[in-house]
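Participant: Next up is a structure, given as structure tokens.
Protein chains: 2
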Amino acid sequence: MDVATWAVEMLATARVARLATADRAGQPLVVPVCYAFVDGRIYSAVDAKPKRTRELRRLRDIADNPRVSLVVDVWDEDWARLAWVLVEGTAGILTTDLERTPALAALVAKYPQYAAMDLLSTAGPVIAITPARVVAWRAAG
Amino acid sequence: MDVATWAVEMLATARVARLATADRAGQPLVVPVCYAFVDGRIYSAVDAKPKRTRELRRLRDIADNPRVSLVVDVWDEDWARLAWVLVEGTAGILTTDLERTPALAALVAKYPQYAAMDLLSTAGPVIAITPARVVAWRAAG
Numbered sequence: 000m001d002v003a004t005w006a007v008e009m010l011a012t013a014r015v016a017r018l019a020t021a022d023r024a025g026q027p028l029v030v031p032v033c034y035a036f037v038d039g040r041i042y043s044a045v046d047a048k049p050k051r052t053r054e055l056r057r058l059r060d061i062a063d064n065p066r067v068s069l070v071v072d073v074w075d076e077d078w079a080r081l082a083w084v085l086v087e088g089t090a091g092i093l094t095t096d097l098e099r100t101p102a103l104a105a106l107v108a109k110y111p112q113y114a115a116m117d118l119l120s121t122a123g124p125v126i127a128i129t130p131a132r133v134v135a136w137r138a139a140g
Numbered sequence: 000m001d002v003a004t005w006a007v008e009m010l011a012t013a014r015v016a017r018l019a020t021a022d023r024a025g026q027p028l029v030v031p032v033c034y035a036f037v038d039g040r041i042y043s044a045v046d047a048k049p050k051r052t053r054e055l056r057r058l059r060d061i062a063d064n065p066r067v068s069l070v071v072d073v074w075d076e077d078w079a080r081l082a083w084v085l086v087e088g089t090a091g092i093l094t095t096d097l098e099r100t101p102a103l104a105a106l107v108a109k110y111p112q113y114a115a116m117d118l119l120s121t122a123g124p125v126i127a128i129t130p131a132r133v134v135a136w137r138a139a140g
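As given, the protein sequences belong to chains C and L, one line each in that order.
Heads up, the first sequence is in numbering that gives the first Met the number 0, so the first residue is 0 and it goes up one at a time.
Heads up, the second sequence is in numbering that gives the first Met the number 0, so the first residue is 0 and it goes up one at a time.
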């Protein structure tokens with residue numbers, strides 16, 4: 000995939016992304032997520048931040064329909080600074096420790112908050128996104 | 000709908016939202032959007048910010064499948080300050096000036112940037128979202 004350097008850098012460093020899934024009936028869902036971008040894949044964990052349940056809709060959606068979209072963007076009141084990177088791809092849930100452990104380690108390395116909450120022991124399912132298409136845009140051109 | 004006051008306030012004042020649509024095949028799309036929340040509905044315009052085309056995918060998606068999801072959230076490195084408001088609903092395109100004009104006026108009132116680019120004369124299609132369900136969460140409880 001031919002992706003601009005600034006866009007790869009933004010994917011690697013942005014602190015929050017928004018993940019969109021859709022259920023079988025085509026109802027989209029969008030949620031803010033912490034994530035790590037490692038070796039071309041995007042990982043996001045169901046962490047111990049308070050939630051109603053770990054049986055999250057995003058997981059049901061992915062089980063029913065693996066197509067997802069994720070965006071990282073820069074908001075600024077100066078619209079000449081706006082930028083976004085949009086990833087479309089396929090999501091799956093990592094089931095083996097062989098896959099989970101390095102993904103969780105990348106999340107802990109990126110977010111000191113995860114180290115503090117001992118993500119490695121407390122994480123629920125880990126979502127892995129394989130990008131099929133990346134579109135990047137910035138006002139600055 | 001029973002929505003917490005802080006969540007309504009956040010919907011009214013947040014500067015950027017992320018809008019998820021899905022096409023007929025269930026492929027989600029998520030994009031950052033400027034929006035105005037007026038009388039219980041959410042409006043977003045295809046504005047004159049540079050884009051490849053105004054025949055945007057979000058518009059095709061909505062024509063094919065009116066179900067959308069929109070989130071406004073607060074990101075903070077202190078995760079005790081995280082919050083989000085998620086809206087699920089039905090989107091349509093406003094076609095008459097009777098509907099477009101007040102929606103565009105609300106966008107111009109919220110964003111001085113739109114006044115500067117003369118949104119009223121330059122806007123393309125205006126998306127209107129009617130919420131069916133609002134879910135709000137914040138770490139602070």
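Glycine included, each C-beta is placed from N, C-alpha and C at the ideal position.
#1: According to DSSP, simplified to helix, strand and coil, what is residue 124 of chain L?
#2: Does the distance from the C-beta atom of residue 103 of chain L to that of residue 21 of chain L stay below 8 Å?
#3: State yes or no: is the beta carbon of residue 103 of chain L nearer than 8 Å to at least one beta carbon in chain C?
#4: Rounded to the nearest angstrom, how far is the Cβ of residue 27 of chain C from that of residue 19 of chain C, given a contact under 8 Å?
#5: Against residue 21 of chain L, what residues of chain C qualify as contacts under a CB-to-CB distance less than 7 Å, listed in chain order?
#6: Cutting at 6 Å between CB atoms, please list the residues of its own chain near residue 13 of chain C, excluding the five before and the five after it.
#7: Which of helix, strand or coil does DSSP assign to residue 87 of chain L?
#8: Once DSSP output is grouped into helix, strand and coil, what is the label at residue 40 of chain C?
#9: How big is the Cα-Cα spacing for residue 57 of chain C and residue 94 of chain L?
#10: Just reading off the beta strand (DSSP E) that residue 16 of chain C is part of, what are its end residues?
#11: Please tell me whether residue 2 of chain C and residue 135 of chain C are closer than 8 Å, where the distance is taken between their beta carbons.
#12: Tell me, which residues are paired with residue 135 of chain C by DSSP?
#13: So with CB distances below 8 Å, who are the chain L contacts of residue 69 of chain C?
#14: Could you pull the DSSP bridge partners for residue 59 of chain L from this structure?
#15: Name the one or two DSSP bridge partners that residue 66 of chain C has.
#16: Residue 139 of chain C and residue 79 of chain C look like a contact to me (Cβ under 8 Å); what is the Cβ gap, rounded to whole Å?
#17: Which residues of chain C have a Cβ atom closer than 9 Å to the Cβ of residue 72 of chain L, listed in chain order?
#18: Hey, how far is the Cα of residue 74 of chain L from the Cα of residue 30 of chain C?
#19: Going straight from the alpha carbon of residue 8 of chain L to that of residue 97 of chain C, what length do you get?
#20: According to DSSP, which residues form a beta bridge with residue 71 of chain C?
#21: Let me know the secondary structure DSSP gives residue 129 of chain L once reduced to three states.
#22: Residue 107 of chain C lies in the beta strand (DSSP E); which residues open and close that run?
#23: Give a yes or no on whether 8 Å exceeds the smallest Cβ distance from residue 80 of chain C to chain A.
#24: Quick one, which of L:11, L:40 and L:46 has its alpha-carbon nearest residue 67 of chain L's?
#25: At what residues does the beta strand (DSSP E) containing residue 45 of chain L begin and finish?
#26: Short of 8 Å in beta carbon distance, which residues of its chain neighbour residue 0 of chain L, apart from the five on each side in sequence? Order them along the chain.
#27: Taking a cut of 9 Å between CB atoms, which residues from the segment 81-92 of chain L lie near chain C?
#28: For a test of your reading of the model: does the CB of residue 126 of chain C fall under 7 Å from any non-hydrogen atom of the ligand NAP? Yes or no.
#29: In the DSSP output, what is residue 29 of chain C paired with across the bridge?
#30: Verify the CB distance criterion: does residue 66 of chain C have a CB-CB separation below 8 Å to chain L?
Facilitator: If we stick to the structure as given:
#1: Taking the first residue of the second sequence as 1, we reach residue 124 of chain L at position 125. DSSP places residue 124 of chain L in coil when its eight states are reduced to three.
#2: Position 104 of the second sequence, counted from the start, is the residue given in the question as residue 103 of chain L. Position 22 of the second sequence, counted from the start, is the residue given in the question as residue 21 of chain L. No.
#3: For this step, residue 103 of chain L is matched to residue 104 along the second sequence. For residue 103 of chain L, the answer is no, since every Cβ of chain C falls outside 8 Å of its Cβ.
#4: Locating residue 27 of chain C in the first sequence gives position 28, where the first residue counts as 1. Locating residue 19 of chain C in the first sequence gives position 20, where the first residue counts as 1. Contact holds; Cβ gap of about 6 Å.
#5: Counting from one through the second sequence, the residue named residue 21 of chain L turns up at place 22. Those are 21, 25 and 27, listed as they occur along chain C.
#6: The residue you call residue 13 of chain C lines up with position 14 of the first sequence. Counting only Cβ-Cβ distances below 6 Å, and skipping sequence neighbours, we find 71.
#7: Numbered from 1 along the second sequence, position 88 holds the residue referred to as residue 87 of chain L. The answer is strand: DSSP assigns residue 87 of chain L an E or B state.
#8: Here residue 40 of chain C refers to the residue found at position 41 when the first sequence is read from its first residue. Residue 40 of chain C: strand per DSSP, three-state reduction.
#9: Locating residue 57 of chain C in the first sequence gives position 58, counting from the first residue. Locating residue 94 of chain L in the second sequence gives position 95, counting from the first residue. So the two alpha carbons sit approximately 33 Å from each other.
#10: Translated into the one-based positions of the first sequence, residue 16 of chain C becomes position 17. Where residue 16 of chain C is concerned, the enclosing beta strand (DSSP E) stretches over 16-21.
#11: Mapped onto the first sequence, residue 2 of chain C falls at position 3. Mapped onto the first sequence, residue 135 of chain C falls at position 136. Yes.
#12: Against the first sequence, residue 135 of chain C aligns to sequence position 136. The partner list for residue 135 of chain C (beta bridge, DSSP) reads C:84.
#13: Position 70 of the first sequence, counting from 1, holds the residue named residue 69 of chain C. Residues of chain L passing the Cβ test: 29.
#14: Against the second sequence, residue 59 of chain L aligns to sequence position 60. Beta-bridge pairing links residue 59 of chain L to no other residue.
#15: Working through the first sequence from its first residue, we reach residue 66 of chain C at position 67. Note: residue 66 of chain C sits in a beta bridge opposite C:89.
#16: What you label residue 139 of chain C is simply residue 140 of the first sequence in a count that begins at 1. What you label residue 79 of chain C is simply residue 80 of the first sequence in a count that begins at 1. Between residue 79 of chain C and residue 139 of chain C the Cβ distance is about 6 Å, and since that is below 8 Å, they are a contact.
#17: For the purposes of this step, residue 72 of chain L is taken as the residue at position 73 of the second sequence. Within chain C, the residues near residue 72 of chain L are 15, 17, 30 and 31.
#18: The sequence position of residue 74 of chain L within the second sequence is 75, counting from 1. The sequence position of residue 30 of chain C within the first sequence is 31, counting from 1. The straight-line gap from Cα to Cα measures roughly 12 Å.
#19: As a first step, residue 8 of chain L must be located in the second sequence, where it is residue number 9. As a first step, residue 97 of chain C must be located in the first sequence, where it is residue number 98. So the two alpha carbons sit approximately 45 Å from each other.
#20: In the first sequence, residue 71 of chain C corresponds to position 72, counting from 1. According to DSSP, which records beta bridges pairwise, residue 71 of chain C is partnered with C:84.
#21: As a working note, residue 129 of chain L is residue 130 in the second sequence. Note: residue 129 of chain L maps to strand in three-state DSSP.
#22: On the first sequence, residue 107 of chain C is found 108 positions in, with the first residue counted as 1. Residue 107 of chain C -> not in any beta strand (DSSP E); alpha helix (DSSP H) instead, spanning 96-109.
#23: Considering every chain present, this structure includes no chain A. Its protein chains are C and L.
#24: Within the second sequence, the letter at position 68 stands for residue 67 of chain L. When each option's Cα is compared against that of residue 67 of chain L, the closest is L:40.
#25: Taking the second sequence and counting its residues from 1, the one referred to as residue 45 of chain L is at position 46. Looking at the DSSP string, residue 45 of chain L is not in any beta strand (DSSP E), and its letter there is neither H nor E.
#26: Residue 0 of chain L sits at position 1 when you count from the first residue of the second sequence. 130, 132 and 133, listed in sequence order.
#27: 81, 83, 85 and 87
#28: Within the structure as shown, the ligand NAP is missing, as the structure has no ligands at all.
#29: Locating residue 29 of chain C in the first sequence gives position 30, counting from the first residue. In DSSP, residue 29 of chain C forms a bridge with C:19.
#30: In the first sequence, counting from the first residue as 1, residue 66 of chain C sits at position 67. Closer than 8 Å to some Cβ of chain L, the Cβ of residue 66 of chain C qualifies, so yes.
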